[in-house]
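Those letters in the sequence shown? Residues 1180 to 1492, by the working numbering.
All residues carry an ideal CB built from backbone N, CA and C; glycine is no exception.
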Amino acid sequence: MREILHIQGGQCGNQIGAKFWEVVCAEHGIDVTGKYTGDSELQLERINVYYNEASGGRFVPRAVLMDLEPGTMDSLRSGAYGQIFRPDNFVFGQSGAGNNWAKGHYTEGAELIDSVLDVVRKEAENCDCLQGFQVCHSLGGGTGSGMGTLLISKIREEYPDRMMMTFSVFPSPKVSDTVVEPYNATLSVHQLVENADECMVLDNEALYDICFRTLKLTTPSCKFSNDNFLMASTFIGNSTSIQEMFRRVSEQFTAMFRRKAFLHWYTGEGMDEMEFTEAESNMNDLVSEYQQYQDATADEEGEYEEEEEYDEA
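Following this line, the structure appears as structure tokens:
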């Protein structure tokens, strides 16, 4: 069986992850205690991709839950599906990252990372044939972005031949928590480009617009109030238009970095200004690459096809 190990980090990652497991449990017919209560054999056919089978016929999510503060973990545990997770797989600190990428990546997160890696190794070793890892996190805060990318790079070192897929929520000024989100997001993209095989980009601004314009929700959250249907939504950006989002974050980053605004919060944690310069350059390269693909015209594609036909002849 090709197993997937799910990892969720930070407040946003854990909230999305909690909803993910609710939907997956409903699809597989697993109740809040981990017992199978479904009505179709198909539900059990590939259940080992996401679940470990424990004693007494219970199914336990193959998930690692991490955060630098206990609050999110407490609310998860007290939620509807809180008891389904393995207690040892909750890994959390006490201090928090204070929306600072450097704290998550270099100081507070670095102290907790070994405990998280121990749990990851344990889960990976219990798999027959591990397919890869999926990570839910946001790029605007401190834990999901800083510690999340640190964990991704450590996993890449230990498991270079396994798939690394991320579900990364990009920040938006419309639903902003903090002014340094562009710094955190740009520093994270710098890491994701190096270490992730596949990155599902969830643009918070686009999600915000969908909630207001399409779903007509006044207070967007992970919950859907209508009990008459189960909605599992996947937002996938797979076109060159996604460069607009990267450009938006890049412009905000440049405006702040030019004035060296709030930089002392990062250099105070041991970071160097050069890392910011490299991250900015990486982000600009990414935008240029998407622009390059967008500029490729249909005529060029046609010429390429003609050349192929000519070579075959």
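With a cutoff of 9 Å on beta-carbon distance, L1366 and H1284 are scored as near each other. By the neighbour-count criterion, in which a residue is buried when 16 or more other Cβ atoms sit within 10 angstroms of its Cβ, F1349 is buried.
Assigned with DSSP and collapsed to three states, C1315 falls in strand. With a cutoff of 9 Å on beta-carbon distance, A1276 and V1368 are scored as not near each other.
Note that the C-beta distance between G1319 and L1247 is not below 9 Å. When the alpha-carbon of T1456 is set against those of R1437, V1354, R1256 and G1189, the nearest one is in R1437.
Burial is judged here by how many other beta carbons sit within 10 angstroms of a residue's own beta carbon; Q1273 has fewer than 16 and is exposed.
With a cutoff of 9 Å on beta-carbon distance, F1346 and L1381 are scored as near each other.
In the pairwise beta carbon analysis, the segment 1292-1300 is classified as not touching the segment 1224-1240: fewer than three pairs are separated by under 8 Å. In its chain, beyond the 5 residues on either side, G1272 have a beta carbon closer than 6 Å to the beta carbon of L1291.
DSSP, read as helix, strand or coil, puts Y1215 in strand. Counting the other CB atoms within 10 Å of its CB gives A1475 a total below 16, which places it among the exposed residues. Here G1327 is buried. Its C-beta has 16 or more other C-beta atoms within 10 Å. Secondary structure of S1347 (DSSP, three-state): strand. Note: N1231 is bridge-paired with V1239 in the DSSP secondary-structure output.
Cβ-Cβ distances below 7 Å link T1433 to E1459 in the same chain, with the five nearest sequence neighbours on each side left out; the list follows chain order.
Per DSSP, reduced to three states, the secondary structure at G1250 is helical. Taken atom to atom, the span from the alpha-carbon of E1337 to that of Q1313 is near 15 Å. Here Q1473 is exposed. Its C-beta has fewer than 16 other C-beta atoms within 10 Å. The three-state secondary structure of D1307, taken from DSSP, is coil. Nearest to R1241 by alpha-carbon distance, out of E1468, K1395, E1182 and K1282, is E1182. N1374 is not a Cβ neighbour of S1429, given a cutoff of 9 Å. The beta carbons of S1294 and V1270 sit about 5 Å from each other, so the pair counts as a contact at 8 Å. Assignment of V1380 by DSSP, reduced to helix, strand and coil, places it in the strand class. Approximately 7 Å separates the beta-carbon atoms of L1329 and A1289; this is inside 8 Å, confirming the contact.
Counting every other CB atom within 10 Å of its CB across the protein chains shown gives L1394 a total below 16, marking it as exposed.
Between the C-alpha atoms of F1441 and G1323 there is a straight-line separation of about 20 Å. In terms of CA proximity to N1305, Y1229 leads the group R1427, A1385 and Y1229.
Here DSSP, grouped into helix, strand and coil, assigns V1358 to coil. Of the candidates R1225, T1357, E1220 and K1214, the residue whose Cα lies closest to the Cα of Q1431 is T1357.
In this structure, DSSP gives M1245 an extended state, which the three-state scheme calls strand. Classified as buried, A1364 has 16 or more neighbouring CB atoms from the shown chains inside 10 Å of its CB. If you compare the alpha carbons of E1360, Y1362, G1213 and G1311 with that of D1340, the shortest gap goes to G1311.
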